[in-house]
Each structure stands twice: as structure tokens, then as C-alpha cells.
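As they're listed, the protein sequences go chains A and B. Per the numbering used here, the very first residue in the first sequence carries number 1; after that it's consecutive. Per the numbering used here, the very first residue in the second sequence carries number 291; after that it's consecutive. The beta-carbon is built from N, C-alpha and C at its ideal position, and this holds for glycine as well. Computed from a predicted model, the values in this text were never measured in an experiment. Here the structure is laid out as C-alpha cells; the discussion comes afterwards.
Protein chains: 2
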Amino acid sequence: MGRITTRTKVLAINDDDARRREDVLAAEEPLELRVDGKPLAVTMRTPGDDIELAHGFLLGEGVIASREDVATARYCDSVDESGRNTYNVLDLTLSPGVPSPTVGVERNFYTTSSCGICGKAALDAVRTRTRFDPASDPVPVDPAVLAGLPDALRQRQRVFAATGGLHAAALFDHHGKLHVVREDVGRHNAVDKAIGWAVLQGRVPLAGAGLLVSGRASFELVQKAAMAGIPVLAAVSAPSSLAVELAAEQGMTLIGFLRGKSMNVYTGHHRLTGTLAQPAHRSASRGPAR
Amino acid sequence: MGRITTRTKVLAINDDDARRREDVLAAEEPLELRVDGKPLAVTMRTPGDDIELAHGFLLGEGVIASREDVATARYCDSVDESGRNTYNVLDLTLSPGVPSPTVGVERNFYTTSSCGICGKAALDAVRTRTRFDPASDPVPVDPAVLAGLPDALRQRQRVFAATGGLHAAALFDHHGKLHVVREDVGRHNAVDKAIGWAVLQGRVPLAGAGLLVSGRASFELVQKAAMAGIPVLAAVSAPSSLAVELAAEQGMTLIGFLRGKSMNVYTGHHRLTGTLAQPAHRSASRGPAR
Chain A
1 MGRITTRTKV LAINDDDARR REDVLAAEEP LELRVDGKPL AVTMRTPGDD IELAHGFLLG
61 EGVIASREDV ATARYCDSVD ESGRNTYNVL DLTLSPGVPS PTVGVERNFY TTSSCGICGK
121 AALDAVRTRT RFDPASDPVP VDPAVLAGLP DALRQRQRVF AATGGLHAAA LFDHHGKLHV
181 VREDVGRHNA VDKAIGWAVL QGRVPLAGAG LLVSGRASFE LVQKAAMAGI PVLAAVSAPS
241 SLAVELAAEQ GMTLIGFLRG KSMNVYTGHH RLTGTLAQPA HRSASRGPAR
Chain B
291 MGRITTRTKV LAINDDDARR REDVLAAEEP LELRVDGKPL AVTMRTPGDD IELAHGFLLG
351 EGVIASREDV ATARYCDSVD ESGRNTYNVL DLTLSPGVPS PTVGVERNFY TTSSCGICGK
411 AALDAVRTRT RFDPASDPVP VDPAVLAGLP DALRQRQRVF AATGGLHAAA LFDHHGKLHV
471 VREDVGRHNA VDKAIGWAVL QGRVPLAGAG LLVSGRASFE LVQKAAMAGI PVLAAVSAPS
531 SLAVELAAEQ GMTLIGFLRG KSMNVYTGHH RLTGTLAQPA HRSASRGPAR
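Structure, rendered in C-alpha cells:
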């Protein structure tokens with residue numbers, strides 16, 4: 001569709017100099033997801049990989065567990081006032097036996113909680129909804145392998161290189177190979193696209209996989225990883241308090257501030273391997289070494 | 291409430307060294323907003339300034355136009371299972387004559403559009419909803435003043451300094467004074483808090499004001515500024531395509547990549563003043579100087 005970036009005129013000011021030039025912008029357009037004929041959600045996203053986005057979103061919301069749960073996915077064939085299909089409405093139908101989601105599930109997720117809504121209620125809700133068990137995944141996490149991930153990601157952020165305006169998400173294995181990289185103006189969308197790719201490949205639950213994100217690790221990103229059965233989440237920037245709590249609760253390994261050979265391991269240290277595993281365990285334990 | 295940050299143990303890895311230390315995290319907890327007794331939205335936010343957040347959110351959604359439209363705002367007094375009020379549910383009642391919002395207004399905003407949903411439909415929807423007219427605001431924008439804003443913002447980002455994990459939003463005037471700075475794990479929340487502060491101060495529409503954000507400028511952030519009557523939006527990082535389109539449509543001045551004396555002016559160049567205004571206009575026009 002060629003709408004991943006757009007061009008615009010900009011006045012570039014630098015110290016005492018000001019000149020007109022062309023600038024490349026990351027495209028942002030609304031995507032409406034309809035499931036079984038009913039509008040479910042609208043997200044502001046960068047066009048492209050919309051089918052993946054839809055599958056990843058539905059997996060994260062607990063609506064589907066695999067690609068077999070989706071019967072059909074196609075763009076609505078209506079047109080806008082100028083007669084063009086905008087490709088901004090995606091119609092999905094679920095397979096027989098798969099219950100339709102409640103409309104507005106996305107933001108109304110917690111609204112069934114009592115007044116005692118809190119971090120714990122949120123954690124409980126996720127725990128009951130997860131179909132997979134990242135905690136039992138023994139995938140090794142080698143800091144030396146993690147160290148190479150941000151550079152590898154940056155090299156594959158084609159649109160970011162042009163615009164400076166996109167979040168990225170990638171799935172990697174314990175050898176440090178990036179299996180898929182997706183970019184989007186929305187951080188959640190980038191993750192949905194990467195995980196949706198795996199859904200369409202029949203790779204969910206993502207045993208042995210890690211999710212790499214270019215920004216911060218929020219509760220919702222950890223939630224999306226947990227819903228896909230991903231045991232490792234590595235973020236270039238800071239995690240939030242609830243992200244750390246949920247990762248601990250789900251038995252996931254959460255890495256933050258991943259910048260080359262420097263990183264913080266917040267949860268799931270038991271998966272660490274390589275030369276640092278021994279010192280790490282030594283300083284972690286005041287009792288006898290296990 | 292002292293819940294803006296939390297502490298956690300972390301394994302800090304740096305090259306061949308690994309040591310346990312304490313790390314400070316930005317707090318993230320769900321906030322449920324109820325209006326006239328009905329749940330309206332849940333947002334994952336950093337606790338604090340919740341009343342401001344609610345007012346800013348409701349202004350941005352077009353539910354209220356001033357503080358007078360809100361009759362009462364208080365935390366739900368129920369408690370969680372451990373007997374504590376979590377302060378995560380906020381009950382608001384609207385003043386007589388102010389219509390209750392449709393539940394789920396936030397994400398269902400576009401879902402009334404036909405299949406021709408597109409950037410234009412989104413722009414139209416915003417135009418019809420805005421009660422104010424940022425386009426007619428003649429506030430001068432001096433690049434030399436803008437240049438000092440990011441440093442001023444950073445100096446007042448107290449929680450970011452501790453955690454590295456927060457977005458910030460500020461309202462500034464054309465002298466470069468920051469009137470309010472708010473931080474949050476969610477970029478939209480930081481903006482809602484800053485604008486909500488102005489609502490509570492009776493300062494909306496925010497004539498002559500600018501909104502400064504620490505990250506990127508998305509469609510939704512421009513929308514929030516427009517809904518508050520703010521004529522200038524300055525972002526430290528990149529704007530999206532639809533952010534630029536909406537700013538142009540609303541007659542706003544949109545600045546991106548604001549990094550000291552370097553910045554891009556995307557829309558609303560007519561407000562530029564100072565030493566650069568002349569060269570800028572000269573190079574912009576191939577016809578006679580105006």
C-alpha cells in the first residue's frame with residue numbers, strides 16, 4: 001500500500017539557520033477492527049501488516065488462541081467519499097465455537113472489578129486469562145546474546161531510520177536471531193504485529209522465544225507477552241512497577257535498560273547463563289550455592 | 291500517597307560485572323474513571339494528580355468544557371480485600387444539564403464512521419467536536435524561546451530523573467515559562483494531567499499557551515491540545531503524518547525534534563517571530579516578500 005511513510009515540507013531550524021526541506025513522516029491512520037460484524041476496537045496505527053496486528057491483538061485480549069480460531073480476515077470493501085478503499089477497516093469472523101468478544105473489551109477489561117481495583121486485581125485478571133505458562137519455559141538467557149539485540153534491531157528498523165518516529169518490536173531466540181521485526185507509531189501495535197506474525201505462522205505459544213521492544217516495558221506489554229506464552233521480555237528503556245510485578249507473577253524474565261553490554265535483570269534470574277551466571281548467583285544468594 | 295515510585299531489587303549487568311542493587315521504578319496502576327455512576331474508562335497511570343487527569347481526559351473527549359461542568363470528584367470509598375482504599379477508582383458527577391458520555395467513548399470514537407474510515411474522517415470528527423478555535427490565536431512563537439524548553443522540562447522531571455521511565459508534558463507561555471509540568475508512565479496521561487490542571491484553574495481555553503511533550507507527537511496528542519484550545523504543540527521527538535495533518539487543519543503551530551536550538555516547524559509558520567522569522571519567510575516564498 002506504500003503508506004508506511006509520507007512526505008511533508010518542513011522548516012528546519014538549526015541555530016541561526018532556517019531552511020525549507022522535505023521531511024519523511026511515519027504514517028498514522030486509524031484501523032477499525034470488526035469481529036463477527038461488530039466494531040471491537042479502533043487503533044491509531046501505521047498501515048501495513050494489519051492482518052498480523054489483528055491476530056496479535058485478538059490473542060492478547062484472549063479472544064483467540066491460534067490462527068485456527070479465525071475463519072476469515074479481509075478488508076471491508078466499502079469506499080470513502082472519493083471512491084477509494086482506505087483499507088482502514090478489517091472484518092474478521094471467528095471459527096465456529098469461538099465466542100465473540102464483548103464489545104469494548106480492550107478498555108473495559110478491568111471495569112468488572114470492584115472498587116478495590118488495584119495492581120493485584122489486574123494481575124489476577126491476567127493470570128486467569130493466560131492460556132499458556134511462560135513460567136515453565138526453561139529457555140536459557142545469555143547476557144552476551146542479549147547485548148547484541150539492540151544493534152540488530154536498529155539495523156532492521158527501516159522506517160525508523162527514515163523518520164525517527166517509530167516504535168519497534170521483535171521476536172528473538174536464545175541464539176540472538178531476530179525472527180521478525182515490526183514497526184509502528186504505537187508501541188502496542190508493534191508488539192501485536194510481531195506476535196500476530198507468530199500466530200499466523202502457527203508458532204504460538206512462543207516457547208523459547210523472547211520479545212524485544214525499542215522503548216519502555218509497561219504492564220500491557222508484559223501482558224501481551226504472557227498471553228502469547230513468551231518467557232522473556234527485553235526492553236531498551238525502563239519497566240514500570242506493574243510490569244515488574246506481572247513478570248514476576250508470570251515467571252518471566254524481564255530485562256530493562258538493555259544497552260549493549262549493560263542491562264538490568266528485574267525478574268527470572270534463574271534463566272541466566274553464560275559467564276555472568278555464576279557471579280550473579282553468588283551475589284544473589286547469601287546461603288549455600290545451589 | 292507516595293506511590294509515584296517503587297523500589298525493587300535488580301541484577302545490574304555491565305560488561306563482565308554483575309551486581310545486585312536497588313532500582314527505582316515509575317509506579318503504574320490502573321485508574322478507573324466513573325462518570326455519573328457508570329464506568330467510562332480505565333487507564334494505566336502513575337498515581338497522583340488523578341483529579342487533574344480526570345478533568346483533562348473529559349475535556350479531551352468533549353464531555354466537559356470547564357471545571358463548572360463537573361459537580362463532584364472523589365475517590366470511591368470502598369476497600370480492597372486487605373481493607374485498604376487503593377485510590378484507583380474515581381467517581382465524578384457532572385453538573386445539571388451536562389449530558390453523560392456514552393460508555394466507551396474513548397475507543398469507540400471512530401466506530402460510528404462508515405467503512406470509509408480514514409484520516410479525513412478522523413479530522414472531520416475532531417473539527418466538529420472542538421469547542422475552541424486555536425487557529426485564531428495570534429500567540430508569537432520565537433524559536434529562541436522554544437530552544438530553552440527541553441532543558442527546562444528535564445530539570446523539572448523529578449520522577450524521570452529517578453527512574454528514567456516517565457513521559458512528561460508541560461504548558462508554557464510565549465516567554466518560555468513552564469506553568470505546569472506533569473509526569474506519567476503514559477504519554478496521554480501526562481498531557482491529560484497538565485491540561486486538567488488548567489481546567490481546574492479555570493484557564494481553558496488555553497489561549498496563548500503551548501503544550502510541550504517529552505516524546506513524539508501523535509494524532510491523539512494534537513487532538514487533546516486542540517480540544518483545550520492550545521495553539522502551539524512542541525515535541526522533543528517526531529510527529530506522525532496524521533498529527534501534522536490535524537495541526538494544519540486546526541491552524542496550530544506544530545514543532546518536532548525540538549532539541550535545543552535545532553527543531554522542525556511542520557505547521558503554523560505564520561506565528562514565528564524573532565531573528566529567524568525573516569530568513570524563514572524569505573526562503574519559504576519564491577514570490578515577493580510579504
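Any heavy atom of the ligand ZN inside 6 Å of the beta-carbon of residue i?
i                     : result
residue 212 (chain A) : This structure lacks the ligand ZN; in fact it carries no ligand of any kind.
Assign residue i to one of three DSSP states: helix, strand, or coil.
i                     : result
residue 323 (chain A) : Any answer about residue 323 (chain A) is impossible in this case: the structure gives chain A only from 1 up to 290.
residue 97 (chain A)  : coil
residue 222 (chain A) : helix
residue 528 (chain B) : coil
residue 562 (chain B) : strand
residue 11 (chain A)  : strand
residue 291 (chain A) : Outside the shown range of chain A (1 to 290) lies residue 291 (chain A), about which nothing can therefore be said.
Can you have a look at residue i and say buried or exposed, based on whether 16 or more other CB atoms are within 10 angstroms of its CB?
i                     : result
residue 561 (chain B) : buried
residue 296 (chain B) : buried
residue 340 (chain B) : buried
residue 96 (chain A)  : exposed
residue 426 (chain B) : exposed
residue 318 (chain B) : buried
residue 11 (chain A)  : buried
residue 84 (chain A)  : exposed
residue 101 (chain A) : buried
residue 193 (chain A) : buried
residue 155 (chain A) : exposed
residue 531 (chain B) : buried
residue 305 (chain B) : exposed
residue 458 (chain B) : buried
residue 540 (chain B) : buried
residue 82 (chain A)  : exposed
residue 518 (chain B) : buried
residue 112 (chain A) : Per-residue confidence for residue 112 (chain A) stands at a pLDDT of 38, beneath the threshold of 50, marking its modelled position as unreliable; no derived number is given.
residue 182 (chain A) : buried
residue 389 (chain B) : exposed
residue 665 (chain B) : As displayed, chain B neither begins before 291 nor continues past 580, which places residue 665 (chain B) out of reach and without an answer.
Hey, could you find the ends of the beta strand (DSSP E) residue i is sitting in?
i                     : result
residue 262 (chain A) : 262–267
residue 217 (chain A) : Careful: residue 217 (chain A) lies outside any beta strand (DSSP E) and carries neither H nor E.
residue 24 (chain A)  : 17–26
residue 35 (chain A)  : 29–35
Since residue i is in the alpha helix (DSSP H), which residue starts that stretch and which ends it?
i                     : result
residue 242 (chain A) : 241–249
Quick one: list the residues of chain C neighbouring residue i, beta-carbon separation under 7 Å, in chain order.
i                     : result
residue 270 (chain A) : Protein chains in the displayed structure are A and B, and chain C is not among them.
Notebook entry, point to check: At which residue ranges does the region 407–484 of chain B contain complete beta strand (DSSP E) runs of 3 or more residues, listed in the order of the chain?
Noted result: 457–462, 468–474
Item checked: Contiguous beta strand (DSSP E) assignments of at least 3 residues, all confined to the region 330–383 of chain B -> 360–365
Note to self: If the cut-off is 7 Å on Cβ atoms, which residues from the region 38–72 of chain A count as contacting chain B, listed in chain order?
What the structure shows: 39, 41, 42, 44
Margin query: Give me the subset of the region 529–545 of chain B whose CB atoms are less than 8 Å from a CB atom of chain A, sorted by chain position.
Written below: 529, 530, 531, 532, 533, 534
Next item on the list: Check distances from the C-beta atoms of the region 507–520 of chain B to those of chain A and list, in chain order, the residues that come in under 7 Å.
Entry: 508, 509, 510
Notebook entry, point to check: Using a beta-carbon distance cut-off of less than 7 Å, what residues from the region 426–453 of chain B approach chain A?
Noted result: 433, 453
Next item on the list: Using a Cβ-Cβ cut-off of less than 7 Å, list which residues of the region 479–490 of chain B approach chain A; keep chain order.
Entry: none
Check: Along the region 18–32 of chain A, what residues have a CB closer than 8 Å to any CB found in chain B?
Finding: 18, 19, 20, 23, 25, 26, 27, 28, 29, 30, 32
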